[in-house]
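The structure under discussion appears below in the form of structure tokens.
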Amino acid sequence: MLTPTSRKAGTDRYEIELTEFDQTVLPTSMGKETTVWGYAGSYPGPTIEARPDRAVEVKWINNLPTDHLLSVDQQVHGAEPPAPETRIVTHLHGAVTRPRSDGNPEAWVSPDGKTAADSDVDYQQVKEYPNGQEPATLWYHDHAMGITRLNVYAGLAGFYLLRDPMENSLPSGDYEVPIVIQDRSFNSNGSLFYPDGTDDDFEAEFFGDVPVVNGKAYPYLEVEPRTYRFRFLNGSNGRVFNLKLQNETASGVPMMNQIATDLGFLESVATIGADGDHASLLLSGAERADIVVDFSGFEGQTFTLTNTAPTPYAGETVPISESDMPEIMQIKVNETESEESHIPLSRFLTQINRRYPEPDVTESGTTRYMTLDTGTLEVAPGIEYDSHFLNQSLYTDEEAVVQPTFGTSEEWVVANVTGDSHPVHLHLVDFEVIGRQTFNAEAFDEAREAGADPTVPDYLDGQVTKPGAGEAGPKDTVLVNPNEAAIIRPAFTGFTGRYVWHCHILEHEDQEMMLPYEVVPAE
Numbered sequence: 035m036l037t038p039t040s041r042k043a044g045t046d047r048y049e050i051e052l053t054e055f056d057q058t059v060l061p062t063s064m065g066k067e068t069t070v071w072g073y074a075g076s077y078p079g080p081t082i083e084a085r086p087d088r089a090v091e092v093k094w095i096n097n098l099p100t101d102h103l104l105s106v107d108q109q110v111h112g113a114e115p116p117a118p119e120t121r122i123v124t125h126l127h128g129a130v131t132r133p134r135s136d137g138n139p140e141a142w143v144s145p146d147g148k149t150a151a152d153s154d155v156d157y158q159q160v161k162e163y164p165n166g167q168e169p170a171t172l173w174y175h176d177h178a179m180g181i182t183r184l185n186v187y188a189g190l191a192g193f194y195l196l197r198d199p200m201e202n203s204l205p206s207g208d209y210e211v212p213i214v215i216q217d218r219s220f221n222s223n224g225s226l227f228y229p230d231g232t233d234d235d236f237e238a239e240f241f242g243d244v245p246v247v248n249g250k251a252y253p254y255l256e257v258e259p260r261t262y263r264f265r266f267l268n269g270s271n272g273r274v275f276n277l278k279l280q281n282e283t284a285s286g287v288p289m290m291n292q293i294a295t296d297l298g299f300l301e302s303v304a305t306i307g308a309d310g311d312h313a314s315l316l317l318s319g320a321e322r323a324d325i326v327v328d329f330s331g332f333e334g335q336t337f338t339l340t341n342t343a344p345t346p347y348a349g350e351t352v353p354i355s356e357s358d359m360p361e362i363m364q365i366k367v368n369e370t371e372s373e374e375s376h377i378p379l380s381r382f383l384t385q386i387n388r389r390y391p392e393p394d395v396t397e398s399g400t401t402r403y404m405t406l407d408t409g410t411l412e413v414a415p416g417i418e419y420d421s422h423f424l425n426q427s428l429y430t431d432e433e434a435v436v437q438p439t440f441g442t443s444e445e446w447v448v449a450n451v452t453g454d455s456h457p458v459h460l461h462l463v464d465f466e467v468i469g470r471q472t473f474n475a476e477a478f479d480e481a482r483e484a485g486a487d488p489t490v491p492d493y494l495d496g497q498v499t500k501p502g503a504g505e506a507g508p509k510d511t512v513l514v515n516p517n518e519a520a521i522i523r524p525a526f527t528g529f530t531g532r533y534v535w536h537c538h539i540l541e542h543e544d545q546e547m548m549l550p551y552e553v554v555p556a557e
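Below, the structure is given as structure tokens:
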């Protein structure tokens, strides 16, 4: 947990340096260090803890080398010369902030103070987070245009926990463990491997072959036979995880009890296990899940957190024997006698939700139909690469910028025309997942190819399927599978100004699968 540099006038202030350093990521038995990037000398970055309605101010200081740790593909939008190789701008994912503190991808700064001079954004790296929202598991990560995938892969991510004192009744201290799961690949000398981007195409998406949890490969966690709180985050570039606890013995496994999702608490507990609401915990990129597990009665047992999501993910799962990353980490329950730690979760959820009622929002009556697309992008005269888009538009297409009205909610129907699943993230807002509906992507795409102008509603089929119990809370990221449309209801109640929405497969985000949107004042 990071200690504020100073506290003054109701604000906690931090100064956090971004640097390059060596860290033991691979098992110590290998005797190899890995050069990474991190915040305050740590990968992942140190956890920042904040209180609702008490502001935090962070000065993000770019002390990274001018040469990037990884190879920069200068054909990607935003990374073209003369843009410096090393650029940073930090986004607090899930935070309700003014545009100047949101981490606009164009608001980057290099180690020597260079900025994108042709962009009309605020480059200051002192970000203000008012924390005027309900408690949740947020996280901070880099968001620089054209190199987000590289900067996050190099190590630029960390937890930001917005905590209410009422949460003291939940497991805390050593019994509360934030867990960021990532995948990485390594060269024989222990250095990070990432494709160099010199092939005749973009890197469509990258999947590492080594599970890394909280900056450690193949880790284990030793726990006492009592209740723990795990805050799970999928911090991978592109991998989806479908997680469950398994035990090789016949003694069974404890139920995982989900109490919160991305941006707040559920109304009721969602159980995850053989007899639960869900058999497993599905997390796409940037999604979070707040889980309580009681290990009492399992003294001496070892559990494996397993994964059955294939890569690339397209809405299906596979048997554990067919997963390319079947095991994430181990949890070993020791024999230590521990105090009784039964937590009345249902009562807690009732109380915390009463404390944070849903804000009053005017329904605008606006429904927007968005598409997730693939296509080709001209990166040089006569040279086209396969790429990904939102609404078949480029980031610079001003006519693609939608303008919701402040204080209202809208319905967005996000239809997937591609063969890949996409986690779609909106900055600034939280949203309700209304459900999902079958979408005839093939017929829709054929109509476009034939020169028609098809509309999404004409290709939706069947009833809307409601979200599962673990998704029935405030979200900022939603997974949209192939042949599917996700229906969400964002509420634009934070601030006015320009923000972005994008796919959170970081390679796709860097390849144009991101668009601005602008919250405009009510008339």
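The opening residue of the sequence shown carries number 35 in the working numbering; numbering runs sequentially from there.
Virtual Cβ for every residue (Gly too), placed ideally from N, Cα, C.
For residue i, three-class secondary structure by DSSP
i: N138; result: coil
i: A117; result: coil
i: Y565; result: Because the chain in this structure spans residues 35 to 557, residue 565 falls outside the shown range and cannot be described.
i: T342; result: coil
i: S427; result: strand
i: E541; result: helix
i: I386; result: helix
i: D328; result: strand
i: A434; result: helix
i: I354; result: helix
i: S40; result: strand
i: S203; result: helix
Closest residue to residue i among the options (Cα-Cα distance)
i: G249; options: F240, L226 and A484; result: L226
i: L103; options: P164, T62 and P229; result: P229
i: N165; options: S203, N425 and A129; result: A129
i: A525; options: K148, P438, N138 and A449; result: P438
i: D495; options: A519, R389 and P344; result: A519
i: G189; options: Y73, P118, F478 and R47; result: Y73
i: L411; options: M359, E162 and L424; result: L424
i: G310; options: L300, P288, E301 and M363; result: P288
i: D217; options: N387, R197, V247 and A238; result: V247
i: G409; options: E483, G334 and V447; result: E483
i: G242; options: R523, Y262, E256 and G269; result: G269
i: D46; options: Y533, Q471, E83 and I354; result: E83
i: L316; options: P145, E361 and V274; result: V274
i: D394; options: S443, A414, R197 and D208; result: S443
i: R265; options: E54, I306, F240 and V214; result: V214
i: Y533; options: T430, Y551 and A313; result: Y551
i: D324; options: P212, T131 and M200; result: P212
i: Q471; options: L184, V490 and G504; result: V490
Buried or exposed by the 16-neighbour rule on C-beta atoms within 10 Å, applied to residue i
i: P501; result: buried
i: G272; result: buried
i: I417; result: exposed
i: R260; result: buried
i: Q167; result: buried
i: K278; result: buried
i: K509; result: buried
i: Q385; result: exposed
i: K42; result: exposed
i: G331; result: exposed
i: Q497; result: exposed
i: Q280; result: exposed
i: S355; result: exposed
i: T527; result: buried
Residues that DSSP places opposite residue i in a beta bridge
i: A323; result: F266
i: Q158; result: In DSSP, Q158 forms no bridge with anything.
i: Y403; result: V447
i: Q364; result: Y254 and T338
i: K178; result: Here the sequence assigns Ala to residue 178, which means Lys is not the residue at that position. Per DSSP, none; premise fails for A178.
i: N96; result: L52
i: I293; result: None; I293 has no bridge partner.
i: S421; result: G409
i: A84; result: L196
i: E518; result: T472
i: G298; result: T295
i: Q57; result: T68
i: R558; result: Given that the chain is displayed from residue 35 to residue 557, the structure contains no residue 558 and the question cannot be resolved.
Whole-angstrom C-beta distance between residue j and residue i, which should lie under 8 Å
i: P516; j: G453; result: 5 Å
i: Y174; j: T124; result: 6 Å
i: I95; j: I50; result: 7 Å
i: G231; j: D107; result: 3 Å
i: A449; j: T405; result: 5 Å
i: L255; j: F382; result: Rounded, the Cβ-Cβ distance is 24 Å, inconsistent with contact.
i: R263; j: R85; result: The pair is not a contact, with the Cβ atoms about 18 Å apart (cut-off 8 Å).
i: I539; j: W446; result: Actually they are not in contact, since the Cβ atoms of I539 and W446 sit about 19 Å apart, beyond 8 Å.
i: D544; j: G180; result: 6 Å
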